[in-house]
Ligand SMILES: Cc1cc2nc3c(=O)[nH]c(=O)nc-3n(C[C@H](O)[C@H](O)[C@H](O)COP(=O)(O)OP(=O)(O)OC[C@H]3O[C@@H](n4cnc5c(N)ncnc54)[C@H](O)[C@@H]3O)c2cc1C
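In our numbering, the protein residues as written are 47 to 352.
Structure below.
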């Protein structure tokens, strides 16, 4: 619940880039999610700072989100202010074989720039949808390669909005689909990546090869959040779910994908409860059959419907 006074202050700060009582389903790749008290899109690190200070002043909690490609928002929506990074879009080549990208730059734009300028090193991530901020916060990756392999450092605004600092890779503690070392509620506003000079055609070819590989193995034509579960050590969540006979299992509008068992698709009108029911079912049956407890990779945000 946001007071009228807080609404006025947030609107003065961001004008039409803040909306109140707005559905989160438009900001997640699953197309699921209840209403957020406010959804705000600051367009610069300074605005991120000011927004966080305003949240503090009015006692509002905040949640940071990129493109919501790894996020399930519950049906009861999100209390407080959702900070979308999608307007932080500066992307520039820097000296010493590096590239700075603001948090809301889409991964696809990053790949395009690398292809056009012949900057190699990031192609392994081609086809991982979402923003640079989400990529780094999730330590997203494919196979053995992850964001951590190419991140030189990040620029972060503290949760109170009072401090902006540059952290080198030594201060960042990456692990499988996770980044620790930042205070909870911090906002990554930009990232410095290591790249190498190469031929544009070679970079573009590698990007295309990665995209083609993905197209054959993932259900890219239906709303999903990518892999729902982390791969357990030495095995694959998708293999375990498939072996448990769960491919194609539905609950309401959600379905364990018949193409890739670690994906849950919104086949139409799915709610977060439908997805949670499938998550619980997969965990239960896989545990029964293999003894392995699957851990969600998808980040679950918000509150259950009343
Ligand atoms: C079809 C499909 C395929 C996918 N394939 C892969 C894959 O191969 N490998 C893989 O690793 N992932 C994959 N994913 C998952 C997803 O693309 C990645 O996790 C991606 O990095 C998420 O980016 P995002 O901006 O959408 O993050 P969001 O979902 O918006 O956020 C994810 C988390 O990061 C935090 N976060 C986001 N931005 C910031 C920020 N600026 N500062 C602080 N915290 C932040 C959020 O709070 C949240 O906890 C796939 C998803 C889909 C839908």
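Glycine residues also receive a C-beta, built at the ideal position from the N, C-alpha and C atoms.
Just so it is clear, the structure is predicted and the values come from calculations on it, not from any experiment.
- Residue 105 sits away from residue 348, with the two beta carbons spaced by 8 Å or more.
- For residue 278, the three-state secondary structure derived from DSSP is coil.
- No Cβ-Cβ contact shorter than 8 Å links residue 329 with residue 322.
- Straight-line measurement puts the Cα of residue 245 at about 5 Å from the Cα of residue 164.
- Here the alpha carbons of residue 157 and residue 187 stand approximately 14 Å from one another.
- Of the candidates 88, 220, 175, the residue whose Cα lies closest to the Cα of residue 183 is 220.
- Under DSSP, residue 138 shares a beta bridge with 146.
- Selection 214, 85, 252 evaluated against residue 160 yields 252 as nearest (Cα-Cα).
- Cβ contact annotation for residue 56 (same chain, cutoff 7 Å, sequence separation greater than five): 64, 84, 86, 100, in chain order.
- Under the criterion of beta carbons closer than 8 Å, residue 263 and residue 306 qualify as touching, at roughly 6 Å.
- Remark: C-beta atoms of residue 130 and residue 155 do not approach each other more closely than 8 Å.
- Annotation: residue 107 is outside any beta strand (DSSP E) and is labelled neither H nor E by DSSP.
- Contact between residue 135 and residue 151 holds, with the beta-carbon distance rounding to 6 Å and staying under 8 Å.
- C-alpha of residue 228 to C-alpha of residue 318: approximately 28 Å in a straight line.
- In the three-state scheme derived from DSSP, where H, G and I count as helix and E and B as strand, residue 161 is classed as helix.
- Exposed is the label assigned to residue 139, since fewer than 16 other Cβ atoms lie within 10 Å of its Cβ.
- For residue 261, there is no enclosing beta strand (DSSP E); the residue is found in the alpha helix (DSSP H) stretching over 246-261.
- The three-state secondary structure of residue 131, taken from DSSP, is coil.
- For residue 201, there is no enclosing alpha helix (DSSP H); the enclosing beta strand (DSSP E) covers residues 197-203.
- Residue 337 sits exposed, since fewer than 16 C-beta atoms from the chains shown fall within 10 Å of its C-beta.
- Residue state for residue 77 is assigned as coil, using DSSP reduced to three classes.
- By alpha-carbon distance to residue 206, the top candidate from 233, 197, 222, 190 is 233.
- With respect to the 8 Å criterion, residue 308 and residue 300 are not classified as neighbours on the basis of their beta carbons.
- Annotated as proximal: residue 113 and residue 175, with beta-carbon spacing under 8 Å.
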